[in-house]
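Position in the sequence shown (first residue = 1) + 1 = our numbering.
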Amino acid sequence: MRRRPDLGGLEAVLLDMDGTLVDSDASVERAWSTWAGEYGVPVDTVLAVAHGSPAGRTVAHLLPRLGPEEVAIAARRQLALQYDDLSDVAAAPGAHELLATLDRCGLPWAVVTSADGRLAKARLAAAGIDPPLLLTIDDVRHGKPDPEGYLRAAGLLRADPAACLVVEDSEPGLAAGTAAGMPTAALRGLDGDLRLFDLGHLAHLLRRARTSPWWRDAVGYQVYLPSFGDSTGDGWGDLAGAGEHLDHLARLGVDVVWLTPFFRSPMRDHGYDIADYRVVDPSFGGDAALDELLARAHRRGMRVIGDLVVNHTSDAHPWFTAASSSRADPYRDYYIWRDPAPDGGPPNNWLSHFGGPAWTFSEATGQYYLHLFSPEQPDLNWRNPALAAQVDEVIEHWLARGLDGFRIDTAAYLVKDADLRDNPLLPADLLVPVGGVTMEWRRQDHRHDIHQPDVHAVHERWRRVADRHDAFLVGEVYELDPGTLARFVDGERLHSSFWFGLVESGWDPERIDTMLAAAAAASPRLSWVQGNHDRPRAATRYGGGQVGRRRSLALHVLMASLPGTMWIYQGEELGLGDGHVPRGHGADPLATAEPGQSRDAARTPMPWRPGPGLGFTTGRPWLPEGGRTDADTVAAQEADPASHLTTLRRLLTTRRRLAGPAAATDEIARADLGAGVTAYRRGGLWAVANLRDATAAEVELPAPAVFDSDDPAVTPERPRTGRVRLAPQQALLLAGPWPAS
Ligand code: GLC
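1. Return yes when the Cβ of A695 is within less than 7 Å of the Cβ of R726, no when it is not.
2. How close, in whole Å, do the beta carbons of V23 and L125 come, if the pair is a contact with beta carbons under 8 Å?
3. Who are the near neighbours of G545 in its chain, counting only those whose CB is closer than 6 Å to its CB and skipping five residues on each side?
4. How far does the beta strand (DSSP E) with F321 in it extend, from its first residue to its last?
5. Apply the 10 Å Cβ neighbour rule to R265 and answer buried if 16 or more other Cβ atoms are within range, or exposed otherwise.
6. Let me confirm a value: S327 is counted as buried when at least 16 other C-beta atoms fall within 10 Å, else exposed. Which label applies?
7. So within the segment 41-80, which uninterrupted alpha helix (DSSP H) runs reach at least 4 residues, ignoring any that extend past its ends?
8. Could you name the residues of the same chain whose beta carbon sits closer than 8 Å to that of Y369, not counting the 5 residues immediately before and after it, in chain order?
9. Is V416 close to the ligand GLC? I mean its beta-carbon at under 6 Å from any heavy atom of the ligand.
10. Specify, as a first and last residue, the run of the alpha helix (DSSP H) that D104 falls within.
11. Kindly indicate which residue of G129, P132, A522 and G150 has the alpha-carbon position closest to the one of S115.
12. Quick check: the segment 595-613 against the segment 369-387, are there 3 or more CB pairs under 8 Å?
13. Hey, quick one: how far does the beta strand (DSSP E) through S497 stretch, first residue to last?
14. Kindly list the residues whose CB is nearer than 6 Å to the CB of A602, restricted to its own chain and excluding five residues on each side of it in sequence; keep chain order.
15. At which residues does the alpha helix (DSSP H) containing Y151 begin and terminate?
16. For W568, list the residues DSSP reports as bridge partners.
17. Ordered along the chain, which non-local residues of its own chain (more than five positions away) have a Cβ less than 8 Å from that of H447?
18. In its own chain, which residues sit with a C-beta less than 7 Å from the C-beta of A660, not counting the 5 before and 5 after it?
19. With respect to the beta strand (DSSP E) encompassing A111, which residues constitute its N-terminal and C-terminal limits?
20. Leaving out five residues before and five after G403 in sequence, what residues of the same chain have Cβ atoms less than 6 Å from its Cβ?
21. Alpha carbon to alpha carbon, how far is D277 from R444?
22. What does a CB cutoff of less than 8 Å around P133 pick up in its chain, not counting 5 residues either side in sequence?
23. Report all residues from its chain with a CB closer than 6 Å to the CB of A519; omit the five preceding and five following residues, and keep chain order.
24. Around the C-beta of L325, are 16 or more other C-beta atoms found within 10 angstroms, so that it is buried, or is it exposed?
25. Kindly identify the DSSP beta-bridge partner or partners of R339.
26. Quick one: residues with CB closer than 5 Å to any heavy atom of the ligand GLC, in chain order, please.
27. Please state whether DSSP places H313 in a helix, a strand or coil.
28. Alpha carbon to alpha carbon, what distance is there between R153 and L15?
29. So, for R658: in the same chain, excluding its five sequence neighbours on each side, which residues have a beta-carbon less than 7 Å away from its beta-carbon?
30. When DSSP builds the beta bridges, which residues end up paired with F264?
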């Protein structure tokens, strides 16, 4: 297995030149093609071997009958052709960002190339790069794949070779790094210890490695596993299928991926009903598929968290089978059992999320058991210390195995009122307008069944386990009051918790503005979300179509400035609205209780490319495709510079470049930039949005705009200043002046 390089502990970064730091592809190819013509070698054969090794070696390989002197002449001719042609030599994408980052991190660096000195200097100068140390084929006896160049560079920089990162875009170069005992980062789809899509990616990973804790200000992405990618053609998503799409996530700027439950399960609630906490369900690919996915994600510098569902198990869990066999069974107390009420009915008035009472009678032992979800999801008894100890071990098991943390399912539900008192009923005018739960459920004031203060003690004990592994715990807590929610992330409790204000909301700009400001002020540790697999998609709730998409994007721009973590639900990066699921084709247990509340529309397959199966599956998907258009797909949006995907990617790329100055402080302040303008300032970073629907806003920019949702030409290199007119839902990021620290 590959090592996970310790980017925080690096002592130097050693970069190859051609194809890595300098984009010279066109001129290298031209030179070799001319040379091939002169020497009568087929061009394709030349281009296949020319990259990454010294010219002399390539010539000797291609013309094995030539003697050493003739090889030297032929190689000199080849080089002469290259010296003459610097016309389209330029710095590789992200090169200058990387070099600036190395500078800021105080990391020494060098260029180690198989080119000769004269050529290397000419190309680097053409790309505007002046390395503090340059080793060429003139300085070392053996070119790549021999490790000599890299070892010499480490020696000259007085760095431990094991703490030098080699960055390469060719097999011989990577082999040289590995032979030198150095961790490697590979470009162009090659696999090193790290796999980069460009040098800006490495800059980001180096900055994140110096951010403590690692999840601070991270970008998260929720993968709803059944609907993300199917590698087997059975129409059901799996871990290998998800692994095929990790490059999409890395390019988007994702730091941490949340996988919905992959444990063994009868799938009555699509994985949220677990029958074995230590085994990966075969339908998701089994244990080996998880190991492979973790390795692939880690190689791209992303972390992966699982989904800890321990409010309840599946009724197929061996604990429940044992517990329901006899009142005297040692596992009996893992669940919550009560005698029937005097009339033989349920012990109290609590309700199941999925309809009807929260109690089911078990004939075998003559008692009711509690389930806040379906009868197939019996609630665990969190007042039993033996259960708590078991769950500690489950967490420990997965963190040791390579998971980087957990999203905690129904984190505020675990502990129930010790006396199981009835919930009071709410007066009709107090009903909170939330989705994803039945009307019946909304009629109660859930004072006794959920959100009990004792739950914090459970989170505190998990936190101790997580911190031993530098892991991250983020809670699913449907507590909309930011002040109360903040208590879940106080002190040594959960690291973060989702704030669902924007998930529960339709489009009401004034309300959103007020709510978001209150949440931003409540804690710097909240997780910002607009959607998930349980609620209608953001673009739909915000009005649908192009308007819904613009509104969602404007909120993403605001979220990008807030301290905490920012999350994207799969498909949100495409601006997807709800998928269309014809009557009778759904699969959600909630829909049996109240069809209008079905969660299926948010769970239809991810549209990767046009055509049957949407690139999600070659078979028949488990949920309908949802009526996606070609323009909804990743493939179509990738190719369109003005698409939702490209714009969100641009937002996140800009945000991560500004992360350093912004993260200098967690203080966030609302700024008054005029009527109808929502603006936040955090250190040197500002987010400005016009949330109004019909009216443009005139704004005098207090700092240069480096991102504009409506104008791809605005970048940190080409900022916009002065007075701007913001169209409805147009949003900007501004940068500077940086705080002194
Ligand atoms: C959470 C999940 C939801 C699931 C429920 C029961 O709310 O997000 O999908 O049905 O818990 O585990």
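Glycine included, each C-beta is placed from N, C-alpha and C at the ideal position. From a predicted model like this one, the values you see are computed outputs, not experimental measurements.
Quick answer:
1. Position 725 of the sequence shown, counted from the first residue, corresponds to residue 726. Position 694 of the sequence shown, counted from the first residue, corresponds to residue 695. Their beta carbons are not under 7 Å apart, which means R726 does not touch A695 by this criterion.
2. The count along the sequence shown starts at 1 and reaches residue 23 at position 22. The count along the sequence shown starts at 1 and reaches residue 125 at position 124. That belief holds up - the Cβ atoms of V23 and L125 are roughly 6 Å apart, short of 8 Å.
3. The residue you call residue 545 lines up with position 544 of the sequence shown. For G545, where only same-chain residues beyond five positions count, the Cβ hits under 6 Å are G578.
4. Position 320 of the sequence shown, counted from the first residue, corresponds to residue 321. Looking at the DSSP string, F321 is not in any beta strand (DSSP E); the run it does join, the alpha helix (DSSP H), is P319 to A324.
5. Along the sequence shown, one-based indexing puts residue 265 at 264. It is buried - the Cβ of R265 has at least 16 other Cβ atoms within 10 Å.
6. The sequence position of residue 327 within the sequence shown is 326, counting from 1. Exposed.
7. 44-51 and 56-63
8. Along the sequence shown, one-based indexing puts residue 369 at 368. Cβ neighbours of Y369 beyond the five flanking positions: W338, R339, D340, P341, P347, P348, W360, T361, F362 and S363.
9. Numbered from its first residue, the sequence shown carries residue 416 at position 415. No - the ligand GLC has no heavy atom lying nearer than 6 Å to the Cβ of V416.
10. The sequence position of residue 104 within the sequence shown is 103, counting from 1. It spans A96 to C106 - the alpha helix (DSSP H) in which D104 sits, taken as one unbroken run.
11. Indexing the sequence shown from 1 puts residue 115 at position 114. Comparing Cα positions, the closest option is G150.
12. no
13. Translated into the one-based positions of the sequence shown, residue 497 becomes position 496. Where S497 is concerned, the enclosing beta strand (DSSP E) stretches over S497 to W500.
14. Within the sequence shown, residue 602 is the residue found at index 601, counting from 1. D579, G580 and V582.
15. In the sequence shown, residue 151 corresponds to position 150, counting from 1. Here the alpha helix (DSSP H) through Y151 covers E149 to L157.
16. Walking along the sequence shown from the start, residue 568 turns up at place 567. Note: W568 sits in a beta bridge opposite G221.
17. Against the sequence shown, residue 447 aligns to sequence position 446. The answer, listed in chain order, is N424.
18. For the purposes of this step, residue 660 is taken as the residue at position 659 of the sequence shown. Hits under 7 Å: R208 and D218.
19. Along the sequence shown, one-based indexing puts residue 111 at 110. Start and end: W110 to V113.
20. Looking up residue 403 in the sequence shown gives position 402. Cβ within range, chain order: L295.
21. Residue 277 sits at position 276 when you count from the first residue of the sequence shown. Residue 444 sits at position 443 when you count from the first residue of the sequence shown. Going from the Cα of D277 to the Cα of R444 covers about 34 Å.
22. Here residue 133 refers to the residue found at position 132 of the sequence shown. Excluding residues within five positions, the ones whose Cβ falls inside 8 Å are P109, W110 and A111.
23. Stepping through the sequence shown from its first residue, residue 519 is reached at position 518. Excluding residues within five positions, the ones whose Cβ falls inside 6 Å are P483.
24. Within the sequence shown, the letter at position 324 stands for residue 325. A small correction: the amino acid at residue 325 is Ser; Leu does not occupy that position in the sequence shown. Buried is the call here.
25. Residue mapping note: residue 339 aligns to position 338 of the sequence shown, counting from 1. DSSP lists Y369 as partners of R339.
26. D270, Y273, F374, D410, T411 and D535
27. Your numbering for residue 313 matches position 312 in the sequence shown. Looking at H313 - three-state DSSP - the assignment turns out to be strand.
28. Counting from one through the sequence shown, the residue named residue 15 turns up at place 14. Counting from one through the sequence shown, the residue named residue 153 turns up at place 152. When rounded, the distance between both Cα atoms is 11 Å.
29. Position 657 of the sequence shown holds residue 658. E98 and P717.
30. Reading the sequence shown from its first residue, position 263 is the one you call residue 264. DSSP lists V281 as partners of F264.
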